[in-house]
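Participant:
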Ligand code: C2E
Ligand code: CA
Ligand code: CA
Ligand code: CA
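Numbering (the working numbering), first residue to last: 432 to 709.
#1: If you draw a straight line from the C-alpha of residue 433 to the C-alpha of residue 507, how long is it?
#2: Alpha carbon to alpha carbon, how far is residue 687 from residue 676? Give it in angstroms, no decimals.
#3: Closer than 7 Å by C-beta to residue 574: which residues in its own chain qualify, once you throw out the five before and the five after it? Chain order, please.
#4: Reducing DSSP to helix, strand and coil, say where residue 450 ends up.
#5: Within 10 angstroms of the Cβ of residue 505, are there 16 or more other Cβ atoms? Answer buried if so, exposed if not.
#6: Quick check on the burial criterion: 16 or more other C-beta atoms within 10 angstroms. Buried or exposed for residue 489?
#7: Quick one: what's got a C-beta closer than 7 Å to residue 581's C-beta in the same chain, skipping five residues either side?
#8: Mind the definition here: the stretch 666-686 touches the stretch 452-461 only if three or more C-beta pairs lie below 8 Å; say whether that holds.
#9: Quick check: residue 486 and residue 540, are their CB atoms within less than 8 Å of each other?
#10: So, under 8 Å CB-CB, residue 563 and residue 528 are touching, yes? Tell me the CB distance rounded to an integer number of Å.
#11: Return the Cβ separation of residue 632 and residue 650 in integer angstroms, given the expectation that the two are a contact with Cβ distance under 8 Å.
#12: Name the two residues that bound the continuous beta strand (DSSP E) containing residue 490.
#13: Which ranges would you report for the beta strand (DSSP E) in the stretch 553-590 if only whole runs of at least 3 residues count?
#14: Given this structure, state the Cα-to-Cα distance separating residue 628 from residue 476, to the nearest angstrom.
#15: If the criterion is Cβ atoms closer than 8 Å, does the pair residue 553 and residue 517 meet it?
#16: With a threshold of 7 Å, establish whether the CB of residue 667 neighbours any heavy atom of ligand 3.
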């Protein structure tokens with residue numbers, strides 16, 4: 432880090448410093464932050480535009496950092512995956528989300544599906560299956576009430592050993608969704624054999640859906656595939672009513688995005704839900 436004279440840093444240097452240092456600092460703080468309870472789980476609704484029901488909720492982690500405020504996962508999940516803390520973080524999210532779902536079911540606030548993001552690394556050493564079983568029992572939840580969101584890379588040739596774990600989870604009744612569908616490298620023909628229940632159409636195909644015939648074609652093809660292989664479908668990243676209408680018109684009724692709600696803390700989600708169903 433260059434000093435621009437004396438003890439002063441130029442604006443540019445400060446930015447540069449914070450970029451490199453932030454990563455190092457976050458990396459060194461992450462394990463402690465788990466102990467200190469600085470992570471939070473936020474919730475974003477999944478809506479069916481035909482029935483206007485909130486049928487699902489995706490849980491998304493946030494780091495409530497004492498100095499930096501709320502840090503979004505794009506900044507720390509890659510670090511957590513690199514240093515292994517993702518296993519603890521992932522278990523924290525699973526437990527927190529299931530505990531929340533249990534409360535919502537008891538109070539009849541929300542009785543749909545809780546979608547939980549799971550990293551590839553959580554499949555190592557077979558931790559995941561035991562953690563899911565234990566959590567479901569602890570919270571007395573039916574396995575069908577949770578869905579694990581995994582990315583296409585889980586199904587690459589190198590990761591074949593993950594498939595038995597996924598099969599065992601589905602044997603329990605746990606649902607599995609492919610996240611960010613269409614952005615990875617899995618060929619369409621492989622989709623045929625994947626042990627999945629749902630496909631999530633990535634935001635990048637939604638952004639321009641009103642103006643791009645290519646994106647319309649991709650979405651239509653995905654809808655056709657999902658029907659043929661009898662898996663569910665949801666589009667994410669819907670920000671405008673026009674995007675929502677276009678997707679519904681094409682036949683993709685399950686939708687998630689800022690148009691409906693940003694991810695919210697549990698109590699804010701409860702308020703949102705009350706307003707939505709009124
Ligand atoms: P993702 O699973 O693809 O999640 C969707 C992301 O898009 C979320 O960002 C969500 O807040 C954001 N989003 C939802 N609707 C809209 C919209 O209409 N417009 C825009 N611009 N964005 C929208 P977030 O919460 O920052 O999470 C980023 C990524 O971090 C997630 O992408 C997921 O890959 C990862 N992540 C989040 N929580 C967890 C977790 O608990 N475990 C793991 N392993 N990864 C997580
Ligand atoms: Ca996701
Ligand atoms: Ca996604
Ligand atoms: Ca994503």
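Just so it is clear, CB atoms sit at the ideal spot from N, CA and C, and this is done for glycine as well.
Facilitator: On the basis of the supplied data:
#1: On the chain shown, residue 433 is found 2 positions in, with the first residue counted as 1. On the chain shown, residue 507 is found 76 positions in, with the first residue counted as 1. Unreliable positioning characterises residue 433 in this predicted model, as indicated by a pLDDT of 45, which lies under 50. The coordinate reading is nonetheless provided below. Answer to the nearest angstrom: the Cα atoms are 26 Å apart.
#2: Reading the chain shown from its first residue, position 245 is the one you call residue 676. Reading the chain shown from its first residue, position 256 is the one you call residue 687. Taking the straight line joining both Cα atoms gives about 13 Å.
#3: For the purposes of this step, residue 574 is identified with residue 143 of the chain shown, where counting begins at 1. These residues qualify, in order along the chain: 567, 603, 604 and 605.
#4: Start at 1 with the first residue of the chain shown, and residue 450 comes out as number 19. Three-state result, residue 450: helix.
#5: Here residue 505 corresponds to residue number 74 of the chain shown, with the count starting at 1. Taking a 10 Å sphere around the C-beta of residue 505, we find fewer than 16 other C-beta atoms and assign the residue as exposed.
#6: Residue mapping note: residue 489 aligns to position 58 of the chain shown, counting from 1. So residue 489 counts as buried.
#7: Taking the chain shown and counting its residues from 1, the one referred to as residue 581 is at position 150. So the list reads 549, 607, 609 and 610, once near-sequence residues are dropped.
#8: no
#9: Within the chain shown, the letter at position 55 stands for residue 486. Within the chain shown, the letter at position 109 stands for residue 540. Cβ atoms of residue 486 and residue 540: not closer than 8 Å.
#10: For the purposes of this step, residue 563 is taken as the residue at position 132 of the chain shown. For the purposes of this step, residue 528 is taken as the residue at position 97 of the chain shown. At roughly 11 Å, the Cβ-Cβ gap does not stay under 8 Å, so residue 563 and residue 528 are not in contact.
#11: To locate residue 632, count along the chain shown from 1; it is residue 201. To locate residue 650, count along the chain shown from 1; it is residue 219. So it is a contact: roughly 6 Å between Cβ atoms.
#12: As a first step, residue 490 is located in the chain shown; it is residue number 59 there, counting from the start. From DSSP, the beta strand (DSSP E) with residue 490 extends over 484-496.
#13: 577-582
#14: Residue mapping note: residue 628 aligns to position 197 of the chain shown, counting from 1. Residue mapping note: residue 476 aligns to position 45 of the chain shown, counting from 1. Distance between the alpha carbons of residue 628 and residue 476: 18 Å.
#15: Looking up residue 553 in the chain shown gives position 122. Looking up residue 517 in the chain shown gives position 86. Remark: C-beta atoms of residue 553 and residue 517 approach each other more closely than 8 Å.
#16: In the chain shown, counting from the first residue as 1, residue 667 sits at position 236. Checking every heavy atom of ligand 3 against the Cβ of residue 667, one is found closer than 7 Å.
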